[in-house]
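For reference, the structure is listed below as structure tokens.
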Amino acid sequence: MLDKQSHIPMYVQIEEELKRRIERGEFPIGTAIPSERELTELFGVSRMTVRQSVTNLVNEGLLYREKGRGTFVASPKVEQPLNGLTSFTEDMKARGLTPGNKVINFEKGSPEPDIAKELQLGHGEEVYTVERIRYANEKPMAIERTYLPVKLFPQLSEEALAGSLYSLIEQEQKQTISHASQRMEAALVKQEEAELLKIGMPAAILIIERVSYLASGVPFEVVRSTYRADRYKFITEIQR
Ligand code: 16G
1 MLDKQSHIPM
11 YVQIEEELKR
21 RIERGEFPIG
31 TAIPSERELT
41 ELFGVSRMTV
51 RQSVTNLVNE
61 GLLYREKGRG
71 TFVASPKVEQ
81 PLNGLTSFTE
91 DMKARGLTPG
101 NKVINFEKGS
111 PEPDIAKELQ
121 LGHGEEVYTV
131 ERIRYANEKP
141 MAIERTYLPV
151 KLFPQLSEEA
161 LAGSLYSLIE
171 QEQKQTISHA
181 SQRMEAALVK
191 QEEAELLKIG
201 MPAAILIIER
211 VSYLASGVPF
221 EVVRSTYRAD
231 RYKFITEIQR
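In the UniProt record's numbering, the protein residues as written are 1 to 240.
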């Protein structure tokens, strides 16, 4: 199964073998993989080597550890295309996952200057600042902080944001969402974010900042989304 003469390090060969077994369904999603001791015997290598392979697969998001319980096979990452202006609710439904939403902060007030600028707000114009944890099949996927101009959503309530913001705009307010600009960067999760996302530290996150516009050209949201890097893979088609 492993080639001890190969120039490919043993821990990499074990990673590949574990991946193959996961793909073949030998270790189904949500089930525990064999213990370190069992893997040590199975592959005839040291415990340190096994630990390194497993840690790498945990870091890649293929496996996850639960304290005192073992190491389990994770669901495949969500593959998120970056070229469509879709909502979280639509994205999850398109994958057959049940979207969930928890509003953890909802306030109205004066925006910071950079937010006011991006939303093209004049002096004295207010915004709602909304923080939501977004779930897929009850598992936290992302934290989202959204700034919305009060003048565009005069009746907005916390209850309404427990549903989809985009369907509220399109279905209820009958407005057309047209385009957005996005920036994306990697970072390490902060303590308070790790608690909300229920992940251990250190962990990688992907931050996407989006400014979205209505067909009239008016910006209606500035959003900072913090995605779990172990649950997301972003894909884009490119042309030459
Ligand atoms: C996505 C958008 C966010 C939008 C939200 C609406 C990114 C980076 N962000 O999370 O801008 O506000 O969807 O989702 O994709 P909702 O309609 O389910 O509330």
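Each residue gets a CB set at the ideal place from its N, CA and C atoms; glycine is no exception.
The closest heavy atom of the ligand 16G lies 7 Å or more from the beta carbon of T236.
R210 has its CB nearer than 7 Å to a heavy atom of the ligand 16G.
Runs of beta strand (DSSP E) with 3 or more residues, each lying fully within the region 164-222, are found at 177-188 and 204-214, listed in chain order. In the DSSP assignment, A116 falls outside any beta strand (DSSP E) and within the unbroken alpha helix (DSSP H) covering P113 to E118.
When secondary structure is reduced to three states using DSSP, V12 falls in the helix class. With respect to the 8 Å criterion, R145 and R210 are not classified as neighbours on the basis of their beta carbons. Boundaries of the alpha helix (DSSP H) around Q52: R47 to E60. Residue range G70 to V73 is occupied by the beta strand (DSSP E) that includes T71, with no alpha helix (DSSP H) assigned at that position. A direct Cα-Cα distance of roughly 44 Å separates I143 from S6.
Between E126 and the set I238, E16, I14 and E221, the nearest pair of CA atoms involves E221. Not one heavy atom of the ligand 16G sits closer than 7 Å to the Cβ of L214.
At least one heavy atom of the ligand 16G sits closer than 7 Å to the Cβ of E221. Here the alpha carbons of E41 and E23 stand approximately 22 Å from one another.
In the structure shown, R37 adopts helical secondary structure according to DSSP, grouped into three states.
DSSP places A94 inside the alpha helix (DSSP H), whose first and last residues are F88 to A94. Considering only L57, N56, E36 and Y135, the residue with the shortest C-alpha distance to R47 is E36. When rounded, the separation of the alpha-carbon atoms in S53 and P99 is 33 Å.
Looking from the CA of E159, the closest CA among E118, N101, L62 and L82 belongs to N101. The straight-line gap separating the alpha-carbon atoms of P154 and Y64 is approximately 44 Å. T176 is classed as exposed because its beta carbon has fewer than 16 other beta carbons within 10 Å across all chains shown. Judged by DSSP secondary structure, V130 falls within the beta strand (DSSP E) whose first and last residues are V127 to A136. One Cα belongs to E172, the other to E16, and the distance between them is close to 50 Å. Taking a 10 Å sphere around the C-beta of Q239, we find fewer than 16 other C-beta atoms and assign the residue as exposed.
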